[in-house]
Structures are given as structure tokens and as C-alpha cells.
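Asks: Residue numbers (my numbering): 206 to 417.
Each residue gets a CB set at the ideal place from its N, CA and C atoms; glycine is no exception.
Handing you this structure, nothing more for now.
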Amino acid sequence: MPIDEVLAEVESKGWSRFSSTNVDLQELIHRLGFIIMENDVSIDKQSRSLVRSTKPLPPHTDHHLAHYILWHCHRQDSEGGFSIVVDGLQIYQEMNDSEKALLKGIDLMEHCVFKDDLQHHPMIQESETGLRIYYSFWMADDNLSREQKEAFEAFNNRVRDAEPIKFRLKPEECLIIDNGRILHGRSSLSTDSKRLLKRYWIGDSELEKIEQ
Numbered sequence: 206m207p208i209d210e211v212l213a214e215v216e217s218k219g220w221s222r223f224s225s226t227n228v229d230l231q232e233l234i235h236r237l238g239f240i241i242m243e244n245d246v247s248i249d250k251q252s253r254s255l256v257r258s259t260k261p262l263p264p265h266t267d268h269h270l271a272h273y274i275l276w277h278c279h280r281q282d283s284e285g286g287f288s289i290v291v292d293g294l295q296i297y298q299e300m301n302d303s304e305k306a307l308l309k310g311i312d313l314m315e316h317c318v319f320k321d322d323l324q325h326h327p328m329i330q331e332s333e334t335g336l337r338i339y340y341s342f343w344m345a346d347d348n349l350s351r352e353q354k355e356a357f358e359a360f361n362n363r364v365r366d367a368e369p370i371k372f373r374l375k376p377e378e379c380l381i382i383d384n385g386r387i388l389h390g391r392s393s394l395s396t397d398s399k400r401l402l403k404r405y406w407i408g409d410s411e412l413e414k415i416e417q
């Protein structure tokens with residue numbers, strides 16, 4: 206699949222699955238922006254991070270400054286590890302006007318990864334290219350009003366009830382998503398999983414990370 210076809214799919218449906226043997230990944234990333242974070246996604250039983258565990262990952266977005274996320278599969282799990290894709294903006298657009306207005310007023314907690322990061326970010330934000338969503342159901346704090354909590358729970362229920370697209374990446378296959386539109390997740394992994402994906406956060410500009 207040529208790079209232009211990958212970009213066209215991301216533009217039209219928010220994600221694309223393709224083989225890295227047919228696409229120059231560095232050129233693709235260059236066309237989209239800048240790598241702001243690059244890491245291995247593998248099991249680490251000593252880590253407290255959910256993404257490094259064998260547990261399933263519910264649909265969510267990553268840091269809002271990652272405009273796109275690209276995963277490159279090097280080794281797949283022997284049983285699980287299905288990628289899960291849900292169009293979060295479509296779910297939002299299908300809600301009633303009152304719920305949408307309430308969700309627009311919600312700020313969710315966010316991990317401080319980059320210099321000048323704030324501790325909260327709007328769940329729904331207007332941008333030059335349209336609406337962007339930032340979402341993890343576990344990132345809501347106690348500051349929401351009763352009405353906001355009800356609207357947020359209604360959105361959570363729609364995400365849980367949505368029919369996701371599920372597939373297992375093969376070695377050398379890639380998945381790229383628009384992180385401001387598509388929610389992503391993962392099914393559980395085997396206890397001795399050797400699954401290894403390289404993950405790239407792609408942003409609009411180069412960023413300075415906070416020293417850990």
C-alpha cells in the first residue's frame with residue numbers, strides 16, 4: 206500500500222492497517238509530523254503501567270499532543286493481543302445536544318509527559334481541523350457536576366456497547382490512528398507473552414520531554 210493510500214485511509218476513517226514491507230515508515234512519519242515519543246510496548250511484570258501488563262486495555266486515547274499513533278508489530282502474542290479500534294468522535298456526534306454540551310465542558314486528567322503540560326485537558330476541543338477527542342474513562346476526577354457525570358457515564362456506556370473493529374497485527378504489520386478521533390485498546394495477553402510492538406507518538410512539532 207503506497208503512503209498516499211495510507212494517508213487517505215487515515216483521513217477518511219481515522220486509521221489504517223498496512224505492511225511495513227510496502228511503506229517507508231520514516232517517510233510516512235515525516236509526512237505526518239514529528240516523533241514526540243518512541244517506545245517499546247511489551248510485557249513488564251514489574252511495571253505498574255496497564256499497557257505493560259497482560260490485562261485488556263479498554264478503548265481510550267493517548268496524550269492529546271500525539272496527533273497520530275503508529276504501532277509497528279515485531280512479535281505478536283500466541284493467543285491474544287487483538288487491537289481494538291472505535292471511532293470516538295462518531296460516538297460523541299451521535300449523542301443528543303444536551304449531552305454533547307456537557308461533555309464539551311469536561312476536563313479530564315492527563316499525565317505530565319512534556320514540558321509545559323497541564324494536569325487536565327478538555328475531553329472535546331475545537332481545532333483548526335475540526336473537533337478532537339481526548340478520552341479515558343478512568344481519567345475523570347471528582348470535580349464533575351452531577352449532570353456532567355451522567356453525560357460522561359452515558360458516553361462510557363456507548364463506548365462499551367460499541368461494536369469495535371478487532372484484528373491481530375502480524376509481524377511487520379503496522380496500525381496508525383488519528384489519536385484525536387479514534388479510541389484504541391487491546392485484548393488480554395497470555396501470561397508468558399513475548400508480544401513486542403514499537404509505538405510512535407507523532408505530533409505537530411518537536412517537544413521537550415520532562416526528565417523522569
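Any contact between the region 227-246 and the region 366-376? By contact I mean 3 or more CB pairs, one from each, below 8 Å.
Replies: Too few Cβ pairs lie closer than 8 Å, so no.
Asks: Checking 8 Å against the spacing of the C-beta atoms, do GLY293 and ILE407 come in under that value?
Replies: No, the Cβ-Cβ distance between GLY293 and ILE407 is not below 8 Å.
Asks: Kindly list the residues whose CB is nearer than 6 Å to the CB of GLN330, restricted to its own chain and excluding five residues on each side of it in sequence; keep chain order.
Replies: Once the five neighbours on either side are set aside, the close Cβ partners of GLN330 are ARG337.
Asks: For SER392 versus ILE289, is the C-beta distance shorter than 8 Å?
Replies: Yes, they are a contact pair.
Asks: Is it buried or exposed, ASP229, if we count other Cβ atoms within 10 angstroms and call 16 or more buried?
Replies: Exposed, since its Cβ has fewer than 16 Cβ neighbours within 10 Å.
Asks: Where LEU349 and PHE357 are concerned, what is the direct C-alpha to C-alpha distance, given to the nearest angstrom?
Replies: Going from the Cα of LEU349 to the Cα of PHE357 covers about 9 Å.
Asks: So, is ASN362 buried or exposed, given that buried needs 16 or more other C-beta atoms within 10 angstroms?
Replies: Its Cβ having fewer than 16 others within 10 Å, ASN362 is exposed.
Asks: Check for me: the beta strand (DSSP E) holding LYS371 runs from which residue to which?
Replies: Its beta strand (DSSP E) spans residues 370-372.
Asks: For GLU216, which option in LYS399, HIS389, SER410 and ILE381 has the closest C-alpha, if you only look at C-alpha atoms?
Replies: Considering only alpha carbons, the answer is ILE381.
Asks: Does DSSP classify GLY293 as helix, strand or coil?
Replies: Three-state DSSP puts GLY293 in a helix.
Asks: Determine the burial state of TRP276: buried for a count of at least 16 other Cβ atoms within 10 Å of its Cβ, exposed for fewer.
Replies: By the 10 Å Cβ count, TRP276 comes out buried.
Asks: If you compare alpha carbons, which of ALA306, GLY385 and ASP322 is closest to TYR273?
Replies: When only C-alpha atoms are compared, the closest one is GLY385.
Asks: Just grab the DSSP bridge partners of ILE387 for me.
Replies: DSSP lists ASP292 as partners of ILE387.
Asks: Assign GLN281 to one of two classes, buried (16 or more other C-beta atoms within 10 Å of its C-beta) or exposed (fewer than that).
Replies: Burial call: buried.
Asks: How would you label GLU378, buried or exposed, when you count the other beta carbons within 10 angstroms and need 16 or more for buried?
Replies: Per the 10 Å Cβ criterion, buried.
Asks: Going by Cα to Cα distance, which pick from PHE360, ARG257 and CYS278 is closest to SER303?
Replies: With distances taken between Cα atoms, SER303 lies closest to PHE360.
Asks: When you compare the CB positions of PRO376 and CYS278, do they come within less than 8 Å of one another, or not?
Replies: In contact: PRO376 and CYS278 (Cβ atoms closer than 8 Å).
Asks: Between GLU284 and SER410, is the Cβ-Cβ spacing less than 8 Å?
Replies: Not in contact: GLU284 and SER410 (Cβ atoms no closer than 8 Å).
Asks: Using a Cβ-Cβ cutoff of less than 8 Å, which residues in the same chain neighbour GLY310 once the five nearest sequence positions on both sides are dropped?
Replies: Contacts found: GLN353.
Asks: Under a three-way DSSP split, which group does ASN348 fall into?
Replies: Three-state DSSP puts ASN348 in coil, outside helix and strand.
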